[in-house]
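Numbered according to the numbering used here, the sequence shown spans residues 869 to 1051. Each residue gets a CB set at the ideal place from its N, CA and C atoms; glycine is no exception. To keep things clear, I will list the structure first and then write my remarks on it.
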Amino acid sequence: MATIEKQYGIDVHARSDMKLGSLLEERGFDSLSQFLEAYRCRLSDHARKRRAFLSFHMEDRPQVQGFRLMASNPRLDIEFYDGSLQESVDSHQSTYVRSVIREKIQRCSVVVCLIGNGTAWRNWVDWELRTAYEMGKGICGVRLKDSRGHVPTLLYEIDAPISPTMAVEDVVKVIECAAARRG
């Protein structure tokens, strides 16, 4: 991997002795060129079916419902999961809720943060993103329609790809980019 990273100027977040075939299989790509297109946020078709966990603020639920409808679009080969929680992070049930969400994130390859006006200030969103990062999941953001809110800090810290729109092609590009960059 060190040779590929040096040759293409990328950081694949993998052991230097990892074989290319193993990396491609683990991240769901068929070839190095496809992986590189995804890494650079230029792959506009899914390489493989992706499972994505949706992280969002409850006030954005109506737009999130619309976003979920994208799964029925033939250009998207994706399944969406989310926590859809009513509980506070520090509630008496938070330990149980965290374990349920942790399991859902574990089953996904990518976490998509749906960015609304208040998303950056939500404790659950922050916890979900940090948990995904610690698990080595791909992380990306999609700005919801008419959103002017701040982007959650972790997305900036890890230079996560962020789609400025909910257009299908833009969403596919950031999901594939996150899948390629995960680690």
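Local conformation of residue i per DSSP, three classes
i: residue 1008; result: strand
i: residue 1048; result: helix
i: residue 979; result: strand
i: residue 924; result: coil
i: residue 901; result: helix
i: residue 929; result: helix
i: residue 918; result: strand
i: residue 1030; result: strand
i: residue 878; result: coil
Cβ distance (whole Å) where residue i is taken to contact residue j below 8 Å
i: residue 1009; j: residue 1026; result: Actually they do not touch by this definition, with Cβ atoms about 11 Å apart.
i: residue 896; j: residue 977; result: 7 Å
i: residue 921; j: residue 972; result: 6 Å
i: residue 1050; j: residue 881; result: 7 Å
i: residue 1023; j: residue 998; result: No, residue 1023 and residue 998 are not in contact; Cβ-Cβ is about 11 Å, not under 8 Å.
Neighbour-count burial assignment, residue i, 16 or more Cβ in a 10 Å radius
i: residue 1015; result: buried
i: residue 1046; result: buried
i: residue 939; result: exposed
i: residue 879; result: exposed
i: residue 992; result: buried
i: residue 901; result: exposed
i: residue 927; result: exposed
i: residue 893; result: exposed
i: residue 947; result: exposed
i: residue 1029; result: buried
i: residue 1011; result: buried
Beta-carbon proximity check, residue i vs residue j, cutoff 8 Å
i: residue 985; j: residue 934; result: no
i: residue 919; j: residue 975; result: yes
i: residue 1019; j: residue 944; result: no
i: residue 968; j: residue 996; result: no
i: residue 906; j: residue 884; result: no
Cutoff 8 Å: residue i Cβ touching any chain C Cβ
i: residue 927; result: Judged by its chain identifiers, the structure shown contains no chain C, having just a single protein chain.
Touching or not, the region 992-1004 and the region 1030-1040, by the rule of three or more beta carbon pairs under 8 Å? no
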